[in-house]
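Asks:
Residue numbers (the numbering used here): 15 to 66.
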């Protein structure tokens with residue numbers, strides 16, 4: 015099972031490729047931004063649940 019963290023790392027690695035078209039790069043960047051936003055939401059939810 016691939017975790018969200020793994021997905022983010024994989025997308026970042028894909029962006030280092032020199033063989034991407036503009037369309038492919040834009041799609042990967044959009045997917046990466048969405049994954050980072052999901053991770054941030056999970057982090058916020060975890061912070062809210064954490065005991066003070």
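Beta carbons: idealized from backbone N, C-alpha and C, even for Gly.
Which of the three DSSP states is assigned to residue 30 in this structure?
Replies: Residue 30 falls in the coil class under three-state DSSP.
Asks: From the DSSP output, in three-state form, read off residue 21 for me.
Replies: Note: residue 21 maps to helix in three-state DSSP.
Asks: Just how far apart, CA to CA, sit residue 24 and residue 65?
Replies: Distance between the alpha carbons of residue 24 and residue 65 is about 33 Å.
Asks: Which of helix, strand or coil does DSSP assign to residue 64?
Replies: Residue state, collapsed to three classes: coil.
Asks: When you compare the region 49 to 58 with the region 30 to 41, are there three or more beta-carbon pairs, one atom per stretch, that lie closer than 8 Å?
Replies: No, the region 49 to 58 does not touch the region 30 to 41.
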